[in-house]
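Asker:
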Amino acid sequence: MAEVRFLPPAAKYLKKLKDKKLKALYQEAIDKICKDHMAGEPKTGDLSGVYGYDIYYNKTNYELAYTLEYLEDKVIVVIMAGTRENFYDQLKQYMRNM
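If you count the sequence shown from 1, position 84 lands on 554 in my numbering, and the numbers rise without skipping.
#1: List the whole-angstrom C-beta distance separating V548 from L561, where the pair is believed to meet the contact cut-off of C-beta under 8 Å.
#2: Among D524, K505, D506, C504, which residue has its Cα nearest to the Cα of K513?
#3: Tell me whether the beta-carbon of Y532 lies closer than 7 Å to the beta-carbon of Y521.
#4: Since A551 is in the beta strand (DSSP E), which residue starts that stretch and which ends it?
#5: Which parts of the region 479-527 are runs of the beta strand (DSSP E), unbroken and 3 residues or longer, counting only runs that do not cross its ends?
Below you can see the structure in the form of structure tokens.
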């Protein structure tokens, strides 16, 4: 199974989550991505190389953005997590500043 690393924006968001059901859905998504790294949708344009995974909960769309690194083994890097609203704008801004 692949190793998972969290970048600061994702770690901060997931740490602040109070809703246990939503937190479990994020964990389920990460587990699914570990088993099949192509579970997310590949992004294009400015975000090529990034995958997005949709989570629907309580009539709200949440997103999980990740990328893959190949060192000795596969490493899944979770870049950002949050609600769909302005998610990709914030992700693009974060990617530019990296």
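The beta-carbon is built from N, C-alpha and C at its ideal position, and this holds for glycine as well. Computed from a predicted structure; not experimentally measured.
Answerer: With the structure as the only source:
#1: Rounded, the Cβ-Cβ distance is 12 Å, inconsistent with contact.
#2: D524
#3: no
#4: 544-553
#5: 521-527
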